[in-house]
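Chemist: Questions regarding the structure given below will be posed in turn.
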């Protein structure tokens with residue numbers, strides 16, 4: 024069975040060294056945990072098999088909270104995200120192959136998109152936990168941080184564009200590292216970068232993503248249940 028137990032990667036020396044970095048903490052993952060009616064079945068169910076992704080662990084790196092009190096939708100200055108970086112350790116099997124021993128390019132792009140989305144959702148969760156921004160002119164000692172505009176609960180942010188550069192083959196059958204971070208926020212637009220790296224920290228693939236927060240009241244895509252007819 025696929026695992027999200029850090030012990031899997033702690034048995035791999037180069038992964039163990041990264042996992043022990045005190046600036047990062049292991050974060051809960053939905054990988055391999057499908058929920059009825061929830062989004063994301065591609066990673067929670069379809070890819071979570073012994074022949075595709077065999078292990079998946081997230082780490083997050085957090086900045087200290089600042090006194091920023093303006094949401095990114097209203098500010099011309101990009102706020103610093105509370106979760107400044109996400110690292111994902113994953114191990115794959117032959118089911119991801121495009122060529123023998125090499126992961127399919129479409130799989131590589133999907134992994135980059137998924138980890139970018141985890142970064143954005145981690146910051147949304149931080150914003151929601153912090154509560155609403157202070158009203159203008161009010162005084163408070165509680166710091167606030169806002170990364171993305173809080174819109175349409177459940178369908179707030181969508182991938183608008185993703186460019187993937189394939190620098191070197193991404194090997195299957197072994198562990199790789201995915202890193203992602205927010206470059207800037209412009210209104211409802213969130214610009215994100217990512218890399219997939221190997222054991223020697225060489226860059227195998229790079230991703231540049233644009234995510235857009237939906238306007239207040241706008242729902243995300245919803246498609247009614249359909250029955251396949253063969």
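In this note's numbering, the protein residues as written are 24 to 253. Cβ coordinates follow ideal geometry from the N, Cα and C atoms, glycine included.
Going by C-alpha to C-alpha distance, which of 69, 68, 34, 82 sits closest to residue 12?
Modeler: The chain is shown only over 24 to 253; residue 12 falls outside these bounds and no answer can be derived.
Chemist: By Cβ distance below 6 Å, which residues in the same chain neighbour residue 77 in space, the five residues on each side in sequence not counted?
Modeler: Contacts found: 25, 114, 116.
Chemist: From what residue to what residue does the beta strand (DSSP E) around residue 198 run?
Modeler: Unbroken beta strand (DSSP E) run through residue 198: 198-209.
Chemist: What is the DSSP secondary structure of residue 121, counted as helix, strand or coil?
Modeler: Here residue 121 sits in strand by DSSP.
Chemist: Quick one: give me the first and last residue of the beta strand (DSSP E) that residue 233 is part of.
Modeler: Counting along the chain, the beta strand (DSSP E) containing residue 233 begins and ends at 226-236.
Chemist: Just the Cα atoms here: how many angstroms apart are residue 214 and residue 236?
Modeler: Using only the alpha carbons, I get a separation of about 11 Å.
Chemist: Note down the Cα distance separating residue 143 from residue 124, rounded to an integer number of angstroms.
Modeler: If you take the alpha carbons of residue 143 and residue 124, they lie about 31 Å apart.
Chemist: Going by C-alpha to C-alpha distance, which of 232, 105, 223, 137 sits closest to residue 65?
Modeler: If we check each option's Cα against that of residue 65, 137 comes out closest.
Chemist: Compare the C-alpha of residue 74 against each of 104, 192, 119 and name the closest.
Modeler: Comparing Cα-Cα distances from residue 74 to each of 104, 192, 119, the minimum goes to 119.
Chemist: Please name the residue in 54, 84, 80 whose C-alpha comes closest to that of residue 71.
Modeler: Checking every option, the nearest Cα to that of residue 71 belongs to 54.
Chemist: One question on the structure: do residue 228 and residue 190 come within less than 8 Å of each other, judged by their Cβ atoms?
Modeler: The answer is yes: Cβ separation under 8 Å.
Chemist: For residue 217 and residue 224, I'd like the C-alpha separation in whole angstroms.
Modeler: Their backbone Cα atoms lie some 13 Å apart in a straight line.
Chemist: Where do the N-terminal and C-terminal ends of the alpha helix (DSSP H) with residue 32 fall, by residue?
Modeler: Looking at the DSSP string, the run of the alpha helix (DSSP H) that includes residue 32 is 30-33.
Chemist: DSSP three-state call for residue 48: helix, strand or coil?
Modeler: Residue state, collapsed to three classes: strand.
Chemist: Considering only residues of the same chain and omitting the five flanking positions on each side of residue 38, which have a CB-CB separation below 7 Å?
Modeler: Closer than 7 Å at the Cβ level, and outside the excluded window around residue 38, lie 32, 112, 198.
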